[in-house]
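Visitor: Using the working numbering, the final residue of the sequence shown is 851, and nothing's skipped along the way.
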Amino acid sequence: MNKIAQIFDSLDYGPAPEAPDQAIAWLDARGRRFGHFIDGKWTSPGKTFTADNPATGASLAEITDGTPADVDAAVKAARAAFKSWGALSGYERGRYLYAIARMIQKHSRLFAVLETMDNGKPIRESRDADIPLVVRHFYHHAGWATHLEREFPGMVPYGVCGQIIPWNFPLLMLAWKIAPALAAGNTVVLKPAEFTSLTALLFAEICERVGLPKGVVNIVTGQGDTGAAIVDHPGIDKIAFTGSTEVGKLIRAATAGTGKGLSLELGGKSPYIVFEDADLDSAVEGLVEAIWFNQGQVCCAGSRLLVQESIEERFIAKVKRRMASLRVGDPLDKSIDIGALVAPVQVERIRDLMKKGVAEGAVVYEPEGTVPAKGCFLKPALVTNVSPANTLVAEEIFGPVLVAMSFRTPEEAVALANNTRYGLAATLWSENINLALDIAPKLKAGVVWINGTNNFDAAVGFGGYKESGFGREGGREGMSVYLKPGWEKTLKAAAPDATPAKAGASRNPLDARHLDQTAKMYVGGRQARPDSGYSRPVLGPDGGLVGEVGEGNRKDIRNAVEAARAALGWGTVAAHARAQILYFLAENLDYRRDEFAARIAAQTGDDGADEVARAVERLFAFAGWADKYDGAVHNPPLRAIAAAMVEPLGVLGIVAPDRQPLLGSVALLAPAIAMGNTVVLVPSSRAPLSMTDFYQVLETSDVPAGVVNIVTGDSLTLAKTLAEHDGVDGLWFLGSAEGSAMVEKASVGNLKQTWTSRGLAYDLAAPQFAGDYLLAKATQVKNVWIPYGA
Ligand code: NAI
Ligand code: MG
Numbered sequence: 062m063n064k065i066a067q068i069f070d071s072l073d074y075g076p077a078p079e080a081p082d083q084a085i086a087w088l089d090a091r092g093r094r095f096g097h098f099i100d101g102k103w104t105s106p107g108k109t110f111t112a113d114n115p116a117t118g119a120s121l122a123e124i125t126d127g128t129p130a131d132v133d134a135a136v137k138a139a140r141a142a143f144k145s146w147g148a149l150s151g152y153e154r155g156r157y158l159y160a161i162a163r164m165i166q167k168h169s170r171l172f173a174v175l176e177t178m179d180n181g182k183p184i185r186e187s188r189d190a191d192i193p194l195v196v197r198h199f200y201h202h203a204g205w206a207t208h209l210e211r212e213f214p215g216m217v218p219y220g221v222c223g224q225i226i227p228w229n230f231p232l233l234m235l236a237w238k239i240a241p242a243l244a245a246g247n248t249v250v251l252k253p254a255e256f257t258s259l260t261a262l263l264f265a266e267i268c269e270r271v272g273l274p275k276g277v278v279n280i281v282t283g284q285g286d287t288g289a290a291i292v293d294h295p296g297i298d299k300i301a302f303t304g305s306t307e308v309g310k311l312i313r314a315a316t317a318g319t320g321k322g323l324s325l326e327l328g329g330k331s332p333y334i335v336f337e338d339a340d341l342d343s344a345v346e347g348l349v350e351a352i353w354f355n356q357g358q359v360c361c362a363g364s365r366l367l368v369q370e371s372i373e374e375r376f377i378a379k380v381k382r383r384m385a386s387l388r389v390g391d392p393l394d395k396s397i398d399i400g401a402l403v404a405p406v407q408v409e410r411i412r413d414l415m416k417k418g419v420a421e422g423a424v425v426y427e428p429e430g431t432v433p434a435k436g437c438f439l440k441p442a443l444v445t446n447v448s449p450a451n452t453l454v455a456e457e458i459f460g461p462v463l464v465a466m467s468f469r470t471p472e473e474a475v476a477l478a479n480n481t482r483y484g485l486a487a488t489l490w491s492e493n494i495n496l497a498l499d500i501a502p503k504l505k506a507g508v509v510w511i512n513g514t515n516n517f518d519a520a521v522g523f524g525g526y527k528e529s530g531f532g533r534e535g536g537r538e539g540m541s542v543y544l545k546p547g548w549e550k551t552l553k554a555a556a557p558d559a560t561p562a563k564a565g566a567s568r569n570p571l572d573a574r575h576l577d578q579t580a581k582m583y584v585g586g587r588q589a590r591p592d593s594g595y596s597r598p599v600l601g602p603d604g605g606l607v608g609e610v611g612e613g614n615r616k617d618i619r620n621a622v623e624a625a626r627a628a629l630g631w632g633t634v635a636a637h638a639r640a641q642i643l644y645f646l647a648e649n650l651d652y653r654r655d656e657f658a659a660r661i662a663a664q665t666g667d668d669g670a671d672e673v674a675r676a677v678e679r680l681f682a683f684a685g686w687a688d689k690y691d692g693a694v695h696n697p698p699l700r701a702i703a704a705a706m707v708e709p710l711g712v713l714g715i716v717a718p719d720r721q722p723l724l725g726s727v728a729l730l731a732p733a734i735a736m737g738n739t740v741v742l743v744p745s746s747r748a749p750l751s752m753t754d755f756y757q758v759l760e761t762s763d764v765p766a767g768v769v770n771i772v773t774g775d776s777l778t779l780a781k782t783l784a785e786h787d788g789v790d791g792l793w794f795l796g797s798a799e800g801s802a803m804v805e806k807a808s809v810g811n812l813k814q815t816w817t818s819r820g821l822a823y824d825l826a827a828p829q830f831a832g833d834y835l836l837a838k839a840t841q842v843k844n845v846w847i848p849y850g851a
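(1) Based on Cα-Cα distance, which residue from Pro557, Arg660 and Val521 lies nearest to histidine 695?
(2) Less than 8 Å between C-beta atoms, sequence neighbours within five positions excluded: which residues of the same chain meet that for leucine 552?
(3) For proline 81, verify whether its CB is less than 7 Å away from any heavy atom of the ligand MG.
(4) Please look up how many angstroms separate the CB atoms of valine 508 and phenylalanine 523, rounded, as I've assumed it's under 8 Å.
(5) Considering Cα atoms alone, identify which of Gln829, Val789 and Gly536 is closest to asparagine 811.
(6) I need the DSSP call for threonine 840, collapsed to helix, strand or coil.
(7) If you draw a straight line from the alpha carbon of aspartate 499 to that of glutamate 623, how long is it in whole angstroms?
(8) Check whether the Cβ atoms of threonine 316 and valine 292 sit closer than 8 Å, and answer yes or no.
(9) Less than 7 Å between C-beta atoms, sequence neighbours within five positions excluded: which residues of the same chain meet that for alanine 160?
(10) Does any heavy atom of the ligand MG sit closer than 7 Å to the C-beta of threonine 117?
(11) Given 7 Å as the limit, tell me if alanine 112 has its C-beta closer than that to any heavy atom belonging to the ligand MG.
(12) Tell me whether glycine 204 sits in a helix, a strand or coil according to DSSP, three-state version.
(13) If we ignore side chains and look at the alpha-carbon of each, how far apart do cysteine 361 and methionine 234 end up?
(14) Do the region 664-675 and the region 586-606 meet, that is, are 3 or more Cβ pairs less than 8 Å apart?
(15) Put phenylalanine 95 into one of helix, strand or coil per three-state DSSP.
(16) Would you identify the three-state DSSP class for glycine 611, choosing helix, strand or coil?
(17) Between asparagine 180 and the ligand MG, is there a pair consisting of the residue's CB and a ligand heavy atom that are separated by less than 7 Å?
(18) Would you mind giving the Cβ-Cβ distance between serine 343 and serine 364, rounded to the nearest angstrom? I have them listed as a contact below 8 Å.
(19) To the nearest whole angstrom, what separates the beta carbons of alanine 546 and glutamine 814, a pair I think is in contact under 8 Å?
(20) Which whole-angstrom value describes the C-beta separation of glycine 328 and tyrosine 483, a residue pair presumed to lie in contact below a C-beta threshold of 8 Å?
(21) Count the other CB atoms, across all protein chains shown, that sit within 10 Å of the CB of lysine 321; report buried if there are 16 or more and exposed otherwise.
(22) What separation, rounded to the nearest whole angstrom, lies between the Cα atoms of leucine 836 and aspartate 398?
(23) Return helix, strand or coil for cysteine 222, following the three-state DSSP convention.
(24) For the alpha helix (DSSP H) containing proline 405, list its first residue and its last residue.
(25) From the DSSP output, in three-state form, read off histidine 198 for me.
(26) Assuming alanine 733 contacts serine 726 under a Cβ cut-off of 8 Å, what Cβ separation, rounded to an integer in Å, is found between them?
(27) Could you pull the start and end residues of the alpha helix (DSSP H) that serine 541 belongs to?
(28) With burial defined as no fewer than 16 other Cβ atoms inside 10 Å of the residue's Cβ, what is the status of aspartate 179: buried or exposed?
(29) Evaluate contact between the region 386-394 and the region 402-415, counting only Cβ atoms and requiring at least three cross-stretch pairs below 8 Å.
(30) Closest by CA to histidine 637, which one among Gly608, Asp655, His294 and Phe683?
(31) Please name the residue, chosen from Arg375, Phe755, Cys222 and Ala244, that lies closest to histidine 198 on a Cα-to-Cα basis.
(32) Would you mind sorting glutamate 805 into buried or exposed? The rule is 16 or more other CB atoms within 10 Å of its CB.
(33) Quick one: is the Cβ of threonine 257 within less than 7 Å of any heavy atom of the ligand MG?
(34) Mind pulling the beta strand (DSSP E) runs of 3 or more residues that sit fully within the region 470-509?
(35) In its own chain, which residues sit with a C-beta less than 7 Å from the C-beta of threonine 852, not counting the 5 before and 5 after it?
(36) Report back the beta-carbon spacing between leucine 750 and valine 607 to the nearest angstrom; my notes put them in contact at under 8 Å.
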């Protein structure tokens with residue numbers, strides 16, 4: 062056979078190397094030593110560590126290890142720049158973002174080659190995926206800057222944002238962080254990951270070249286402790302982090318009680334579900350993209366293959382055949398599929414996890430063939446014979462390792478898919494549109510791909526459910542995490558509550574003509590006595606005893622959470638039907654307004670009529686919202702649409718403020734249940750009787766059992782139990798600054814989303830609480846990608 066015929070026969074590629082000369086020249090021209098980029102200037106290098114090429118082991122440059130003093134200088138520069146940057150018109154800021162996009166596009170190959178040398182990812186990916194997405198991100202956000210005032214009226218930037226990013230998509234994660242922050246009018250201090258700082262430093266030069274005002278973007282290089290110095294710096298107004306769930310939790314705890322904004326994009330163990338009616342060959346190609354893109358070092362990697370039993374054998378055989386044709390090697394070779402992992406420690410970590418999984422019974426398949434002897438290379442691996450408890454099924458591996466399991470029915474697929482503490486992404490393949498669109502809403506993940514995978518676009522929000530974090534990056538949803546309502550910045554400390562009345566001469570609240578009334582808790586649609594067997598007094602303004610309520614404890618909260626979880630089907634009730642029930646609540650409360658007004662007066666001495674009227678109005682308002690607060694259909698430049706589905710958080714704990722015993726609870730309850738959450742409510746601990754009366758309104762308004770549960774008692778004690786409970790998905794706490802800090806800190810276990818008032822005077826009667834402010838807090842967005850159009 063002649064050579065050409067041989068190649069046709071074997072389909073082997075010759076080497077197709079991308080030249081590194083220009084990237085090397087760029088490094089050489091800078092002496093291969095870098096300081097930080099602070100206040101528009103380069104600092105001289107300090108104590109350094111090396112930037113390595115993981116494919117060769119060669120050292121590329123010396124990078125400065127940022128100190129707290131460096132971070133401080135960067136924060137000061139960002140603070141000084143904030144005033145004038147925030148004061149520019151949106152159009153002016155937009156023009157800078159546009160210029161950045163243009164400039165990166167002009168130097169795209171330099172960025173791509175440098176990225177591949179520093180990170181190890183195939184040039185095919187850095188050239189065709191990472192950098193084009195970076196450019197698209199800056200273009201897209203140039204538009205948001207321009208239209209900010211029109212699209213986000215009344216919203217203002219946070220100020221100085223601290224941004225900490227990982228090494229798997231170094232420049233792309235920088236773009237996802239910096240573009241929206243600047244568009245919204247913030248200034249930033251960004252720390253790239255220690256393994257991959259180089260493209261961030263090249264980006265700093267782009268900022269210089271476009272004449273970005275000094276201090277708007279500051280790049281401080283360093284390792285974990287430099288990141289921690291950013292998190293802890295009191296001059297930072299908001300932290301945005303992408304990285305491991307472990308560090309995400311440290312950051313949640315470190316920012317607790319500081320009032321810093323926080324968005325977290327963390328790990329995942331995303332399911333890749335193949336139904337028996339799928340186009341199997343496409344599903345195999347998708348799978349290659351899902352788990353071997355970037356050597357599997359992708360937070361949303363489809364690392365758990367769930368395949369229907371009827372096609373399992375056939376599909377696995379196809380996967381193995383495809384694995385054999387994946388080429389592992391020099392990432393600068395244009396026809397390489399799998400490059401190098403980022404660093405030796407990651408290779409070790411993956412090997413250790415594999416050993417553990419095998420010891421637990423897993424069977425590992427790797428295709429024939431070799432990988433380069435030097436450098437951080439691993440073969441693609443397929444793991445079978447695993448139970449859901451196997452380490453390789455439960456842990457994020459962050460490497461080229463696919464774990465396969467099978468299922469029989471769609472219900473079983475959903476159960477397996479959701480059986481993880483993570484919730485970043487999910488993929489499903491089926492040629493049956495009914496099945497696909499039935500399954501998508503049942504998957505607990507921030508992104509769902511139907512018959513496709515790893516689709517990303519600047520116009521489409523990306524981010525997780527559960528321990529994959531909170532906040533979104535991309536599109537309108539991503540912009541909103543860099544903005545806050547202007548009025549929030551003007552909140553004053555709440556006036557201390559009037560000194561609690563001392564119990565006066567015990568005055569029976571009921572006169573002799575009436576039977577004794579016992580105010581009970583309300584759990585799972587039933588009145589419940591407290592587990593403790595204790596009651597707490599409710600005193601009137603003059604100190605007289607107005608009544609008694611149960612002293613709730615840990616067990617009562619657990620029962621209430623269990624009831625709320627059992628009622629989660631409320632989230633799938635049609636919005637129209639939820640609205641009807643809220644209208645009914647308003648009607649029934651209005652019907653009993655005199656009685657509720659009298660109860661408020663007895664507990665607080667205030668005229669209760671006005672408060673009842675406002676509570677009725679709030680129920681009515683959120684009934685009106687139930688079927689209107691919905692998502693957009695995004696139109697990315699791909700053959701797909703992304704439907705942004707607004708979903709409830711799940712079980713929401715609400716610890717109501719002490720003041721306004723009725724409105725304080727109803728104003729929070731109404732948006733929560735309008736959006737389909739189920740609630741465990743802790744009413745005012747000083748004046749709880751308005752809400753123990755309220756369950757009679759709930760019962761007469763067709764609210765399904767378990768949708769609203771009421772536990773009375775000490776707010777702080779019960780808030781702590783709710784914060785620590787992994788069955789609670791979100792927690793609102795309106796109370797003291799100390800209590801707020803406690804709630805935020807105690808929420809790290811499952812990274813539940815919290816909203817706390819931090820001792821500030823939130824006036825829930827104000828009109829801004831009748832709309833999207835609370836609706837946004839009661840919901841999370843799932844973007845469902847659906848193939849669409851030609
Ligand atoms: P990491 O979470 O430690 O690193 C991410 C970034 O956080 C880096 O810039 C790092 O310097 C910084 N950092 C580390 N400790 C910090 C602290 N205490 N405070 C503030 N910033 C801090 O991730 P690492 O150690 O590089 O990788 C370990 C594992 O984490 C991976 O194997 C993978 O499983 C997971 N990971 C997940 C990512 C994702 O996007 N889901 C990204 C990177 C890692
Ligand atoms: Mg490197």
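Backbone N, C-alpha and C define an ideal beta-carbon position, used for all residues, glycine too.
Guide: By the coordinates alone:
(1) With distances taken between Cα atoms, histidine 695 lies closest to Val521.
(2) Within its own chain, the residues whose Cβ lies closer than 8 Å to the Cβ of leucine 552, once the five positions on either side in sequence are excluded, are Leu821, Ala822 and Tyr823, listed in chain order.
(3) Checking every heavy atom of the ligand MG against the Cβ of proline 81, none is found closer than 7 Å.
(4) Between valine 508 and phenylalanine 523, the beta carbon gap of about 6 Å places them in contact (Cβ cut-off 8 Å).
(5) Scanning Gln829, Val789 and Gly536 for the CA closest to the CA of asparagine 811 turns up Val789.
(6) Shown here, threonine 840 sits in a strand according to DSSP, grouped into three states.
(7) Approximately 26 Å, taken between the alpha carbons.
(8) Inclusion of threonine 316 and valine 292 in the CB contact set at 8 Å is warranted, their separation being smaller than that value.
(9) In chain order, Val271 place their CB closer than 7 Å to the CB of alanine 160, counting only its own chain and leaving out the 5 sequence neighbours on each side.
(10) Not so, every heavy atom of the ligand MG lies at least 7 Å from the Cβ.
(11) True, at least one ligand heavy atom lies under 7 Å from that Cβ.
(12) Helix at glycine 204.
(13) Cα to Cα, the separation comes out at about 13 Å.
(14) Yes: at least three Cβ pairs fall under 8 Å.
(15) The answer is strand: DSSP assigns phenylalanine 95 an E or B state.
(16) The three-state secondary structure of glycine 611, taken from DSSP, is strand.
(17) Yes, the Cβ of asparagine 180 comes within 7 Å of a heavy atom of the ligand MG.
(18) Distance from serine 343 to serine 364 at the Cβ level is roughly 19 Å; contact not present, criterion being Cβ atoms closer than 8 Å.
(19) According to the sequence as given, residue 546 is proline; it is not alanine. Contact doesn't hold; Cβ gap of about 18 Å is too wide.
(20) Confirmed, about 6 Å.
(21) Buried, because 16 or more other Cβ atoms sit within 10 Å of the Cβ of lysine 321.
(22) When rounded, the distance between both Cα atoms is 44 Å.
(23) If DSSP states are grouped into helix, strand and coil, cysteine 222 belongs with the strands.
(24) Counting along the chain, the alpha helix (DSSP H) containing proline 405 begins and ends at 405-420.
(25) If DSSP states are grouped into helix, strand and coil, histidine 198 belongs with the helices.
(26) Beta-carbon to beta-carbon, alanine 733 and serine 726 are separated by about 10 Å, too far to satisfy the 8 Å threshold.
(27) Counting along the chain, the unbroken alpha helix (DSSP H) around serine 541 starts and ends at 536-541.
(28) The residue in question, aspartate 179, is buried, as its Cβ has 16 or more Cβ neighbours within 10 Å.
(29) Contact fails: fewer than three Cβ-Cβ distances are below 8 Å.
(30) Among Gly608, Asp655, His294 and Phe683, the Cα nearest to that of histidine 637 is on Phe683.
(31) When only C-alpha atoms are compared, the closest one is Ala244.
(32) Around the beta carbon of glutamate 805, 16 or more other beta carbons sit within 10 angstroms, so the residue counts as buried.
(33) Checking every heavy atom of the ligand MG against the Cβ of threonine 257, one is found closer than 7 Å.
(34) Entirely contained in the region 470-509, the beta strand (DSSP E) runs reaching 3 residues are, in chain order, 486-490.
(35) Absent from the model: residue 852. The displayed extent of the chain is 62 to 851, so no value can be given.
(36) 7 Å between Cβ atoms; contact.
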